[in-house]
Ligand code: UDP
C-alpha cells in the first residue's frame with residue numbers, strides 16, 4: 016500500500032531512500048515500464064497550470080519528495096512526510112545498488128559530453144558499474160525515434176533523463192511504453208552536478224533546506240525560477256491551505 020500525501024493537488028509518496036530503492040528493485044524484477052518522478056516545489060507549481068504534466072505526476076509509479084519546501088508544506092498541512100529523496104541522491108544510490116546487483120544505467124540528456132562525465136563520476140565512485148549508454152539528444156519530438164533506437168539497442172535496466180521538468184517527465188511518459196526499460200526517472204540538473212558543471216551545494220546547506228539560497232548565489236540569473244520554487248510555493252500552500260480549512264470549518 017502506498018502512503019501518499021497530497022500537496023496542492025499533487026500526490027507524493029511518503030518514502031525514505033531505502034524504500035525507494037526497494038521499489039526500484041521490485042520494478043526491475045516485475046519488468047514492464049515504471050516511471051519515477053522526484054517532486055519538488057517547482058513541479059507542483061508547474062502542475063497547477065500544465066494538465067499533461069499533472070496527469071504524468073498522478074500516474075507515476077513512485078513520486079518522491081524532493082526538496083525542503085515539500086517537507087515543510089506537508090508538515091504545515093498536518094500530513095508530515097518522513098524525509099526527502101532527491102533526484103541526485105536517488106541517482107547516486109541507484110548507481111551503488113546497480114554496481115552491486117548488476118543493473119545497467121542509461122544517461123539521457125544534458126549538454127553534449129555532460130552525461131559521459133556524469134557516468135564516469137558514478138563509475139569512479141562505484142567500481143564495476145555498468146553504463147549501457149550516454150546520449151545528450153534533445154527533448155524535441157523529431158529526435159525521439161533515434162533516441163529510442165539507441166536505448167532499445169542498449170537495453171538498460173534504469174533510464175535517467177535530464178531534460179529538466181516538465182519536458183523530461185513528459186518525454187518518459189510518451190516514450191517508455193516503446194522502450195522495454197523497467198525504470199525511468201527524470202533527474203533534472205543531476206548530470207550537471209555529477210559532472211561538476213554546476214557546483215553542488217555544501218552538505219550543511221542541503222541539510223538546513225537552504226539549497227535554494229545556494230542556487231540563488233551561484234546561478235543568480237535563475238532568480239525568478241528559484242523564487243517560484245521556494246517562497247511563492249510556500250505562500251500558495253499557506254493561502255490555499257487556509258481557504259481549504261475555512262471551507263471545511265463551515
Ligand atoms: N536540458 C537538455 N535539453 C534541453 C533542456 C534542458 O539537455 O532542451 C538539460 C540541461 O542541460 C540540464 C537539465 O536538462 O542538464 C535541466 O536541469 P535543471 O536543473 O534546469 O532541471 P529542473 O530543475 O528544471 O528539473
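Residue numbers (the numbering used here): 16 to 265. We treat Cβ as the ideally placed atom computed from N, Cα and C, and that holds for glycine. Quick caveat: nothing in here was measured; it's all calculated off a predicted structure.
Residue 121 bridges to which residues according to DSSP? Translated into the one-based positions of the chain shown, residue 121 becomes position 106. Looking at the DSSP assignment, residue 121 forms a beta bridge with 148 and 174.
For residue 53, list the residues DSSP reports as bridge partners. By 1-based counting over the chain shown, the position of residue 53 is 38. BP columns for residue 53 point to 79.
Count the C-beta pairs between the segment 159-169 and the segment 128-141 that are closer than 8 Å, then say yes if the count reaches three, no if not. no
Quick check on residue 28: does DSSP put it in helix, strand or coil? Counted from its first residue, the chain shown places residue 28 at position 13. Reduced to three states, the DSSP call for residue 28 is strand.
When we look at the beta-carbon of residue 99 and count the other beta-carbons within 10 Å, is it buried (16 or more) or exposed? Looking up residue 99 in the chain shown gives position 84. Its Cβ being crowded by 16 or more others within 10 Å, residue 99 is buried.
Just list the residues that DSSP pairs residue 19 with in beta bridges. Sequence index remark: in the chain shown, residue 19 carries index 4 (1-based). Paired residue(s): 28.
Could you check whether residue 62 and residue 24 sit closer than 9 Å to each other, using their CB atoms as the reference points? To locate residue 24, count along the chain shown from 1; it is residue 9. To locate residue 62, count along the chain shown from 1; it is residue 47. Yes.
Let me know the secondary structure DSSP gives residue 216 once reduced to three states. Locating residue 216 in the chain shown gives position 201, counting from the first residue. The answer is coil: DSSP assigns residue 216 none of H, G, I, E or B.
If you reduce the DSSP assignment to three classes, tell me which class residue 199 lands in. Along the chain shown, read from residue 1 onward, the residue named residue 199 stands at position 184. In the structure shown, residue 199 sits in a strand (DSSP, three-state: E or B).
Straight-line CA distance for residue 191 to residue 48? Start at 1 with the first residue of the chain shown, and residue 191 comes out as number 176. Start at 1 with the first residue of the chain shown, and residue 48 comes out as number 33. Rounded to whole angstroms, residue 191 to residue 48 spans 6 Å at the Cα level.
Report the option in 167, 68 and 182 whose CA atom is closest to the CA atom of residue 26. As a first step, residue 26 is located in the chain shown; it is residue number 11 there, counting from the start. Closest in C-alpha terms to residue 26, from the list 167, 68 and 182, comes 68.
Whole angstroms are fine: how far does the CA of residue 101 sit from the CA of residue 182? On the chain shown, residue 182 is found 167 positions in, with the first residue counted as 1. On the chain shown, residue 101 is found 86 positions in, with the first residue counted as 1. Rounded to whole angstroms, residue 182 and residue 101 show a C-alpha spacing of 18 Å.
What residues in its chain sit with their C-beta under 7 Å from that of residue 227, if we drop five residues either side in the sequence? In the chain shown, residue 227 corresponds to position 212, counting from 1. Counting only Cβ-Cβ distances below 7 Å, and skipping sequence neighbours, we find 241, 244 and 245.
Exposure label - residue 96; buried when at least 16 CB within 10 Å: As a working note, residue 96 is residue 81 in the chain shown. With 16 or more Cβ atoms within 10 Å of its Cβ, residue 96 is classed as buried.
Determine contact between the segment 193-213 and the segment 50-57, defined as no fewer than three beta-carbon pairs at a distance below 8 Å. Result yes; three or more Cβ-Cβ pairs closer than 8 Å.
Enclosing alpha helix (DSSP H) for residue 231 [first to last residue]: Position 216 of the chain shown, counting from 1, holds the residue named residue 231. For residue 231, the enclosing alpha helix (DSSP H) starts and ends at 226-233.
Going by DSSP, what residue range makes up the alpha helix (DSSP H) through residue 191? Along the chain shown, one-based indexing puts residue 191 at 176. Neither: residue 191 is in no alpha helix (DSSP H) and is coded neither H nor E.
Endpoints, the alpha helix (DSSP H) within which residue 207 is located: In the chain shown, counting from the first residue as 1, residue 207 sits at position 192. First-last of the alpha helix (DSSP H) with residue 207: 205-210.
By alpha-carbon positions, which one of 209, 231, 153 and 21 ends up nearest to residue 85? Walking along the chain shown from the start, residue 85 turns up at place 70. Measuring from the Cα of residue 85, the nearest candidate turns out to be 21.
To the nearest angstrom, how far is it from the Cα of residue 66 to the Cα of residue 153? Numbered from 1 along the chain shown, position 51 holds the residue referred to as residue 66. Numbered from 1 along the chain shown, position 138 holds the residue referred to as residue 153. Their backbone Cα atoms lie some 22 Å apart in a straight line.
Assuming residue 113 and residue 105 are in contact, meaning their beta carbons sit under 8 Å apart, how far apart are those beta carbons, in whole angstroms? Working through the chain shown from its first residue, we reach residue 113 at position 98. Working through the chain shown from its first residue, we reach residue 105 at position 90. At roughly 12 Å, the Cβ-Cβ gap does not stay under 8 Å, so residue 113 and residue 105 are not in contact.
Confirm the yes/no value for this check: CB of residue 153, any heavy atom of the ligand PLP, distance under 8 Å. Of the ligands one can find in the structure shown, namely the ligand UDP, none is the ligand PLP.
Let me know the secondary structure DSSP gives residue 96 once reduced to three states. By 1-based counting over the chain shown, the position of residue 96 is 81. Coil.
Cutoff 6 Å; reference residue 188; Cβ partners in own chain excluding five residues on either side: The residue you call residue 188 lines up with position 173 of the chain shown. So the list reads 71, once near-sequence residues are dropped.
Going by C-alpha to C-alpha distance, which of 35, 186, 143 and 196 sits closest to residue 81? Counted from its first residue, the chain shown places residue 81 at position 66. Cα-wise, what sits closest to residue 81 is 35.
How would you label residue 166, buried or exposed, when you count the other beta carbons within 10 angstroms and need 16 or more for buried? Within the chain shown, numbered from 1, the residue matching residue 166 stands at position 151. Residue 166 comes out buried.
Contacting residues, own chain, Cβ-Cβ under 8 Å from residue 117 (five flanking each side not counted): In the chain shown, the residue the question calls residue 117 occupies position 102. Counting only residues of its own chain and dropping the five nearest sequence neighbours on each side, residue 117 has a CB closer than 8 Å to the CB of 145.
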